[in-house]
Amino acid sequence: MDAPAAEAAACCRTEGRIVFDRVAHSFPGGSGGSVTEAVADFSLEIEQGSFVCLLGPSGCGKSTILNLAAGFERPSGGRVLVGGRPVTGPGPDRGIVFQDANLLPWRNVLKNITLGPELAGRPWEETLSAARRFIRLTGLEGFERHAPYELSGGMRQRVALARAWITEPPFLLMDEPFGALDAQTRLSMQELLTSVRQVTGATVLFVTHDVDEALFLADKTVVMTPRPGRIRQEILVPFPQPRDYERLILNPAFMELKYDILHAIRRPEYEI
Ligand SMILES: Nc1ncnc2c1ncn2[C@@H]1O[C@H](COP(=O)(O)OP(=O)(O)OP(=O)(O)O)[C@@H](O)[C@H]1O
Ligand SMILES: [Mg+2]
Numbered sequence: 022m023d024a025p026a027a028e029a030a031a032c033c034r035t036e037g038r039i040v041f042d043r044v045a046h047s048f049p050g051g052s053g054g055s056v057t058e059a060v061a062d063f064s065l066e067i068e069q070g071s072f073v074c075l076l077g078p079s080g081c082g083k084s085t086i087l088n089l090a091a092g093f094e095r096p097s098g099g100r101v102l103v104g105g106r107p108v109t110g111p112g113p114d115r116g117i118v119f120q121d122a123n124l125l126p127w128r129n130v131l132k133n134i135t136l137g138p139e140l141a142g143r144p145w146e147e148t149l150s151a152a153r154r155f156i157r158l159t160g161l162e163g164f165e166r167h168a169p170y171e172l173s174g175g176m177r178q179r180v181a182l183a184r185a186w187i188t189e190p191p192f193l194l195m196d197e198p199f200g201a202l203d204a205q206t207r208l209s210m211q212e213l214l215t216s217v218r219q220v221t222g223a224t225v226l227f228v229t230h231d232v233d234e235a236l237f238l239a240d241k242t243v244v245m246t247p248r249p250g251r252i253r254q255e256i257l258v259p260f261p262q263p264r265d266y267e268r269l270i271l272n273p274a275f276m277e278l279k280y281d282i283l284h285a286i287r288r289p290e291y292e293i
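Residue numbers for the sequence shown follow the numbering used here, so the first one is 22 and each next one is one higher.
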């Protein structure tokens, strides 16, 4: 392969990936003027179209990692590349969903979902037809004109998902998006995410505390150490997609993997 062809091939390989290369991040403002070292020496490559779940004890730096990929924070050390480019700030290539739906209270369901394309100046007809598609997929038909306060928590979260998905971003960054939902709604949201992902083919980085959720959704789980968060273990999830939750939890291999992951999250630092 000649040099330009090799360069082009390398570029294609990085195009749909998220890469953390020896990332460190500290926050100022600790007690006595100290800094809080949130993550250290964190290296991870998320392949195009794959779904990676980040797990680890509370405060180990999971949200920090996600916020670095989102461009809300700049790393104190190392590099974060999304789609082959260093992250310099938030961008429309990354759809972001947090635990709280963060809807605009003065906009109805439809207008919350269409916010991104409207701000980007997309033609209204095209935006409306995409919004209708995602309203259908998220089961929000009939609620287009409702205000956020007129929705249940699960419905508000579905609006947040539709808002993140409407532009079909190649990357989805999700920070405990279903953490506040009851078990039943959470499962239907997880199933929804699985089916939408099959349509859009997005590369997903997903933070969760819930090992069952990680094993239902992910191609790979990444367990972090306590702060400063480093990678303790990367575990491939071997069950073929799409998965059936009720069958999955009865599978002995699922229980074994769940045990391994729980153990990796909980075992003390000195056992690394
Ligand atoms: N904006 C900030 N300013 C100062 N310190 C911060 C900030 N954001 C996070 N931290 C600190 O960085 C560390 C990692 O926080 P982070 O929110 O990434 O953890 P987490 O793994 O997401 O925790 P949880 O599971 O509880 O959500 C914590 O000690 C936290 O106090
Ligand atoms: Mg967090």
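Heads up, the beta-carbon is just placed ideally off N, CA and C, and yes, glycines get one too.
Residue range of the alpha helix (DSSP H) that includes L65:
Where L65 is concerned, there is no enclosing alpha helix (DSSP H), although the beta strand (DSSP E) it sits in stretches over 57-67.
Starting from H284, trace the alpha helix (DSSP H) both ways and give me its first and last residue.
273-287
If you compare alpha carbons, which of A274, D281, D265, Q262 is closest to V243?
D281
Where DSSP assigns a beta bridge to C74, which residues make up the other side?
F227, T242
Can the beta-carbon of A239 be found closer than 7 Å to that of C74?
yes
Taking only the alpha-carbon atoms, compute the straight-line gap between A29 and E36 and give it to the nearest angstrom.
Low confidence applies here, because A29 scores a pLDDT of 42, under 50, leaving its location unreliable; read the following figure in that light. Straight-line Cα distance between these residues: approximately 10 Å.
If K279 and D233 are in contact, beta carbons under 8 Å, what's the gap, nearest whole angstrom?
7 Å
For the candidate residues F275, T229, E255, whose alpha-carbon lies nearest to that of K83?
T229
As a quick check of your reading: which residues have a C-beta less than 5 Å from at least one non-hydrogen atom of ligand 1, in chain order?
F48, T57, A59, S79, G80, C81, G82, K83, S84, T85
Just the C-alpha distance for G92 and R288, rounded to the nearest angstrom, thanks.
31 Å
On the three-state DSSP scale, how would you describe P16?
As shown, the chain starts at 22 and ends at 293. That puts residue 16 outside it, with no answer to give.
Pick helix, strand or coil for F93, following the three-state DSSP scheme.
coil
Under 8 Å: do the segment 119-138 and the segment 180-190 share three or more Cβ pairs, one atom per stretch?
yes
If we count the other Cβ atoms within 10 Å of its Cβ and call it buried at 16 or more, is L140 buried or exposed?
exposed
Quick check: T224 and I67, are their CB atoms within less than 7 Å of each other?
yes
Would you give the residue range spanned by the beta strand (DSSP E) that R253 belongs to?
252-257
From which residue to which residue does the alpha helix (DSSP H) around V108 run?
It is not in any alpha helix (DSSP H) - V108 carries neither H nor E in the DSSP assignment.
Tell me the DSSP bridge mates of D42?
R100
How would you write the range of the beta strand (DSSP E) that I187 sits in, first residue to last?
It is not in any beta strand (DSSP E) - I187 carries neither H nor E in the DSSP assignment.
List the residues that DSSP assigns as beta-bridge partners of G116.
L193
Taking the alpha carbon of D203 as the point to measure from, which residue in T57, G116, P190, Q120 has its own alpha carbon closest?
Q120
Can you tell me whether S173 is helix, strand or coil according to DSSP?
coil
Cβ-based burial, Q211 [other Cβ within 10 Å; buried from 16]:
buried
Whole-angstrom distance between L102 and A45, CA atom to CA atom
14 Å
Less than 8 Å between the CB atoms is what I'm expecting for P17 and P190, so what's the real figure, rounded?
Because the chain in this structure spans residues 22 to 293, residue 17 falls outside the shown range and cannot be described.
Taking the Cβ atom as the reference point for each residue, do P126 and P169 lie within a distance shorter than 7 Å?
yes
Taking the straight line between their C-alpha atoms, what separation do you get for G53 and E94?
23 Å
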